[in-house]
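Residue numbers (our numbering): 1 to 1019.
Here a beta-carbon is modelled for each residue, glycine too, at the ideal position from N, C-alpha and C.
The structure displayed is predicted, hence computed values, not measured ones.
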């Protein structure tokens, strides 16, 4: 008899005879879990639970399909329907679960509760199920807590310290806010003399309460801590309140900023503000004075910093903006189009909330979005949220912003936000031409006020000193000496005054700036100096977790060291969610500490930091956020190999959202090109520098295999860059070199990438024989590596290759084999389901090429349905275009128009070139038949632009077919002739000849026969 076992606590899992079972999709899995818990349910109940958002007929069909999939996965009649209205688990099949053990076995049941009920399990568009799951989860959690408390008190009565500790820890794990359990455990540790354990436990509680609830431990817990450590007095481990920051002068500037802000809030006339001045003059402090009066609960405040170490890395400052935005959008429950979310997550990983990722599923590897699409999503997002609340965007140290970030900021400020967006920037004076051009351009569309901050005058320095240290004896020429040494720079004045406050004697201070800074750190302990040395390695901030790892100390020890530095106003703490980070209160302090260390020490520490950060990479898209840090640390460590390795990865990530595979870029809209590829020159320079670096490293790097891997990655990005520039011959050379290098070290994954790039090129250029070679090579390698996913892809591409040869029967057999493989894969991982849709699309193509248009539409509809059900976007452009062609050929013009409209709408959202000229061209033909001639001409012109970009013989041939058919309609239609005559200047015979010549390169084209008929009619 088969043994079925379910794990419902923690991550759910299903086993049949000790083999794990995977159900094909989430709602089938959810249905099965619900039935296991309840044993039976009505169809109406299940339909409402899982498909309540769609019509009843479709929902019931989905339920039947889910039941069928469950039976198929188990190969058992495990779900039955003895009555029409009832669905239940087959009582003849024995099913065991950890839930059953938990409910029936009190002591044993505690052990099976290894995590929450259905932990981490989610069902998209299944609100009713999610509500049930949440309620059930809480019910069993409370049951578990009650049993643990019962056990804990039983062992307290027995004075069994070991078991008390065991159950108390379990309770804290499941309920981290229950202070009563913490106190029990703290008393236990105190009785054992384990005082450090008690203080650690209190510190953990304090941190949890502060971060999660914004409160401190209650009075009883604090009093217990005092009882355990009577010598501690009233001192607690919590952070002390920061003293108010002293601010002097700048009254005129503050008033301008405050008045401007109030005008912004009251819908009056306002300007964005650009605070300019030298380093240390007080730009950030002035900006903070403004932000103190900002009603942060009533608007969106989005702050970011530009760092010198990141000025060559595209869009880095925007990641902080989008990380903040994701929290605010989630908190305010703002709905965004799924496409915007996917685009923004793909480009700005910080926009993804915990547990989410981009849901866009692309058919093949390659580029995602071009800049125009990214920009549209960003501008659309800001427009939407600015209609809900006003927005203040703050960029600090704009002199270090990268070109792409500056372009995006420029576009945002040029967009009309309905007086709901205020920009505040800080920048060093003497900024470069980029910032100057930015300012000039913005002022055409958006008022921008530059607020310069100068040095303090002699009189102001004297007044500053008096107000900061009113009790200081102003003997002799003290003010004059301070003014001469500092030249009125705010930062150095404050540093002088810090020293005077400690010593009250100007004579003890060496009048050199270096010595002023040294005096600031004289009283810092040795342990504190070690912390400062490490924090100075980071150009932005360092997390508590990373500090503890680098110093090999626990969190409490590090926090105690940090407290000393905070009290001296050298370091400040920043909190975001659960993460605590630290940075210097001023860049000058960081620079001073950093350069006080020896070059050798800095290199060792940078390399150590780099290695730790490298070990924390997740090997997914989020890693791109850390590439600039890795490059920074490894370059400062003198580690050329790893610097180059992550520089290559960083550029590869940038290329991911530039262009579709093998487009021509020479006709890209110049305005957008300037925005996104203002950095094009920088990119090319980076590639050349990398090439030189690679040659240099080859001379001394001893690991041949590592060197070849690096060379492969470089050849890959060189090939991709050449593709993007339309230099196909150059690209092919790089990709072929990459393939050969991959073979030498058996780097199969890169070899397969290379084969696929060559196949895509062959598809576009209709090089059928060359495509056959690369398809067979890819298939052979995939089979050698036993990579089922790659085998499935190679078979699908082989099916397309057979179609291009006109060998349709063989093609269909190969495509069926590909579908079979992906049917199995999607039971475990649904993200490859697009491959099944693509295979159905090719089957539709076979029928279209053989003039079986009605049958073709059935297959296209299957492909489209798979994409829509799984929220896959990319294939939908091509599938709808092909379906539109088939419908048009069979004379169903209304249906053809619906398909083509959907295709064109998607083409406008995702910058895909393949097939677009066909959709636009046939739409032009349909509009001509409706008498909408001017619109038709616009579509035809767009079709020509994309056909020329792609240079596909088939798409160019179809364009000539469309031109022929429109020209043929001129006849007695004088209006049509008048509108199209200048554009369609050739005669019908010439259009036909050109179309036939191009379509003659495509074996599968029946369209050339249609053009031959037009030639005959024209004669």
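- By the Cβ neighbour-count rule, residue 205 is buried, with 16 or more other Cβ atoms within 10 Å of its own.
- Taking a contact to require three or more Cβ pairs closer than 8 angstroms, the region 599–611 and the region 556–565 do not qualify as touching.
- Scanning its chain for C-beta atoms nearer than 7 angstroms, with the 5 sequence neighbours on each side dropped, one finds around residue 979 the residues 933, 934 and 937, in chain order.
- Distances from the CA of residue 340 to each of 378, 312 and 902 were compared; the closest alpha carbon is that of 378.
- Bounds of the alpha helix (DSSP H) holding residue 338 are 338–347.
- Taken through DSSP and simplified to helix, strand or coil, residue 573 comes out as strand.
- Burial is judged here by how many other beta carbons sit within 10 angstroms of a residue's own beta carbon; residue 342 has at least 16 and is buried.
- Each of 952, 878, 146 and 198 was checked against the Cα of residue 184, and the nearest Cα belongs to 198.
- Within the same chain, 627 come within 7 angstroms of residue 649 by CB-CB distance, once the 5 residues on both sides are set aside.
- Shown here for residue 400: same chain residues with a beta carbon closer than 7 angstroms to its own, the five before and five after excluded, namely 306, 307, 308 and 311 in chain order.
- Between residue 853 and residue 804, the gap from beta carbon to beta carbon reaches 9 angstroms or more.
- Between the C-alpha atoms of residue 885 and residue 903 there is a straight-line separation of about 11 angstroms.
- A residue is called buried once 16 or more other Cβ atoms fall within 10 Å of its Cβ, and residue 581 is buried on that count.
- In the displayed model, residue 712 falls within a helix according to three-state DSSP.
- Counting C-beta atoms within 10 angstroms of its own C-beta, residue 459 has fewer than 16 neighbours from the protein chains shown and is therefore classed as exposed.
- A distance below 8 angstroms between beta-carbons, with the five flanking residues on each side excluded, links residue 13 to the following residues of its chain, in chain order: 6, 7 and 20.
- Judged by their CB atoms, residue 924 and residue 966 are nearer to each other than the 9 angstroms cut-off.
- Inclusion of residue 710 and residue 737 in the CB contact set at 9 angstroms is not warranted, their separation being larger than that value.
- Around the C-beta of residue 796, 16 or more other C-beta atoms lie within 10 Å, and the residue is accordingly described as buried.
- Here the region 46–57 does not lie against the region 141–159, with fewer than 3 beta-carbon pairs under 8 angstroms apart.
- In the three-state reduction of the DSSP assignment, residue 117 falls in the strand class, which pools E and B.
- Its Cα nearest to that of residue 332, the residue 388 stands out among 376, 388, 304 and 280.
- Burial state of residue 987 is exposed, judged by a 10 Å Cβ sphere holding fewer than 16 other Cβ atoms.
- Residue ranges of uninterrupted alpha helix (DSSP H) with 4 or more members, entirely inside the region 759–814 and ordered along the chain, are 768–785 and 788–805.
- Counting along the chain, residue 317 sits inside the alpha helix (DSSP H) bounded by residues 316–331.
- Under the three-state reduction of DSSP output, residue 273 falls in the strand class.
- Collapsing the DSSP output to three states places residue 428 in a strand.
- For the 9 angstroms CB-CB criterion, residue 974 and residue 946 do not form a contact.
- Shortest Cα-Cα distance from residue 1018 to any of 1001, 454, 589 and 971 involves 971.
- Beta-bridge partners assigned by DSSP to residue 266: none are found.
- DSSP links residue 5 through a beta bridge to 15 and 96.
- Within 10 angstroms of the beta-carbon of residue 24 lie 16 or more other beta-carbons, which makes it buried.
- Judged by DSSP in its simplified three-state form, residue 890 adopts coil rather than helix or strand.
- Here residue 497 is not near residue 541, since their CB atoms are 9 angstroms or more apart.
- By the neighbour-count criterion, in which 16 or more other beta carbons inside 10 Å mark a residue as buried, residue 483 falls on the buried side.
- Residue pairing by DSSP puts residue 582 in a beta bridge opposite 542 and 573.
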